[in-house]
Amino acid sequence: VVADALGKKDYEGVVEMLVNRHFDSLSRQLEIRQISNESYWICAFCVNQHSAICNSFGQPPDDPKDFARWDRSRRDSVSDEAYPTCDCTTTKYLNGTPELCEINKFDDMMAHLSK
Numbered sequence: 006v007v008a009d010a011l012g013k014k015d016y017e018g019v020v021e022m023l024v025n026r027h028f029d030s031l032s033r034q035l036e037i038r039q040i041s042n043e044s045y046w047i048c049a050f051c052v053n054q055h056s057a058i059c060n061s062f063g064q065p066p067d068d069p070k071d072f073a074r075w076d077r078s079r080r081d082s083v084s085d086e087a088y089p090t091c092d093c094t095t096t097k098y099l100n101g102t103p104e105l106c107e108i109n110k111f112d113d114m115m116a117h118l119s120k
């Protein structure tokens, strides 16, 4: 995130600064670019995947081409084994319960963050 905010193509230099605890220097660089108060939405931190999609890959498509693409995306490209799904008992909320679903708010959040 910091590397992106600084306009870097990779994060090698930023990682080095973080590891060496050069936080003041990174903060100054962000201030110089006038982006020290920008917000980032990091879905992995903001959405509880267990409340929606951890237990399946969704419905398999009927169309053979769509099915092939869907099937490839749920498999490890080296072993060809299907990725494991979660067997947790967390109640799932999808589009049928929009007020409780966490994954249907992406567009709204992006619009809010762009203000």
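The sequence shown runs 6 to 120 under my numbering. Even glycine gets a Cβ: it sits at the ideal position worked out from N, Cα and C.
Assignment of beta-bridge partners to R80 by DSSP yields A87. Within a 10 Å sphere around the beta-carbon of V6 sit fewer than 16 other beta-carbons, which makes this residue exposed. Relative to the Cα of D112, the nearest Cα in the group C48, E86, R80, K70 belongs to C48. Exposed is the label assigned to V83, since fewer than 16 other Cβ atoms lie within 10 Å of its Cβ.
Look at F62 here: in three-state DSSP terms it is coil, with no helix or strand label.
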